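Input: a single structure, listed below in structure tokens.
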Amino acid sequence: YLMVTNGINHYYCQMNLEEQRYQFLKEIPNYQNIIDSASSAE
């Protein structure tokens with residue numbers, strides 16, 4: 417995941433490094449989903 421903010425605007429992306437792609441998200445993903453995603457990539 418990539419999260420970028422300037423304090424006013426916030427942008428969230430889910431990164432797919434193998435396919436060199438990213439997908440913008442409408443909201444911050446649930447923390448547990450981030451952890452599950454990271455552990456399944458190992």
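Residue 424 in the working numbering sits at position 8 of the sequence shown, and the numbers go up by one each step.
C-beta: ideal position from N, C-alpha, C; glycine also.
These figures come from a predicted structure and were not determined experimentally.
Spatially closest choice to Q430 from L441, S456 and S455, by CA coordinates | Taking only the C-alpha atoms, the option nearest Q430 is L441.
With DSSP as the reference, label N449 as helix, strand or coil.
-> helix
Measure the alpha-carbon distance for D452 versus N446 and round it to whole angstroms.
-> 10 Å
Roughly how many angstroms separate the alpha carbons of E435 and V420, rounded to a whole number?
-> 21 Å
Alpha-carbon to alpha-carbon, R437 and Y428 = The alpha-carbon atoms of Y428 and R437 are separated by roughly 13 Å.
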